[in-house]
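**Student:**
Protein chains in written order, with our numbering: chain H, 1 to 87; chain R, 88 to 174.
(1) Let me know if residue 64 of chain H comes out buried or exposed under the rule of 16 or more other beta-carbons within 10 Å of its beta-carbon.
(2) Within 10 Å of its beta-carbon, does residue 62 of chain R have 16 or more other beta-carbons around it, so buried, or fewer, so exposed?
(3) Could you tell me the distance, in whole angstroms, from the CA atom of residue 60 of chain H to the CA atom of residue 91 of chain R?
(4) Identify whether residue 34 of chain H lies in helix, strand or coil by the three-state DSSP scheme.
(5) Who are the Cβ neighbours of residue 116 of chain R in its own chain at under 7 Å, not counting the five residues just before and after it?
(6) Return no unless some Cβ of chain R is closer than 8 Å to the Cβ of residue 60 of chain H.
(7) In this structure, how does DSSP classify residue 139 of chain R when only helix, strand and coil are distinguished?
(8) Flag residue 132 of chain R as yes if its beta-carbon sits less than 8 Å from any beta-carbon of chain H, otherwise no.
(9) I'd like the list of long-range same chain contacts for residue 25 of chain H, defined as Cβ closer than 6 Å, with 5 residues on each side in sequence excluded.
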């Protein structure tokens, strides 16, 4: 399954909300337990990149970090402000 | 379905490759056609963030941009160099 399908299917749960949304996912598969755990450190920097392009209000971001076995997933969900209509 | 399951299921196709991998996905759902198309612009900056933490070789990155209806997905797949074993 492509991620696009996954993303489209997942929006059913937020179908009542008409706002735009942006989702950033960083997933890491580790073959060893070695190496630094940098995913948590990345989240502020990823938000800085996003903020260069769009206005993100403080309460508009939810962050989740999941670990299971050798996989680790950082998920940022951002609700975007309504886009201005073209003049 | 949680993304973690999606990510784990998807690795079956690359099971023969023992290297670590990192996947970054930026997905945007637009309620209108307005606003700039910033996803393609973000990819270099996202790679800069990743490169602060890990060494990424030039050929180790594949980038894909998918669009379907009101959804747009930027996907970066990075094969990581082998982690050094703990001494």
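Ideal Cβ positions, reconstructed from N, Cα and C, are used throughout, including at glycine.
**Tutor:** On the basis of the supplied data:
(1) Within the first chain, residue 64 of chain H is the residue found at index 64, counting from 1. With fewer than 16 Cβ atoms within 10 Å of its Cβ, residue 64 of chain H is classed as exposed.
(2) Because chain R in this structure spans residues 88 to 174, residue 62 of chain R falls outside the shown range and cannot be described.
(3) The residue given as residue 60 of chain H occupies position 60 in the first chain. The residue given as residue 91 of chain R occupies position 4 in the second chain. Answer to the nearest angstrom: the Cα atoms are 22 Å apart.
(4) Here residue 34 of chain H is taken as the residue at index 34 of the first chain, counted from 1. In this structure, residue 34 of chain H counts as coil in the three-state DSSP scheme.
(5) As a working note, residue 116 of chain R is residue 29 in the second chain. The answer, listed in chain order, is 157, 158.
(6) The sequence position of residue 60 of chain H within the first chain is 60, counting from 1. Chain R contact via Cβ: absent.
(7) As a position in the second chain, residue 139 of chain R is number 52, starting the count at 1. Residue state, collapsed to three classes: helix.
(8) The residue labelled residue 132 of chain R in the question sits at position 45 within the second chain. Chain H contact via Cβ: present.
(9) Along the first chain, read from residue 1 onward, the residue named residue 25 of chain H stands at position 25. Only 75 meet the Cβ criterion.
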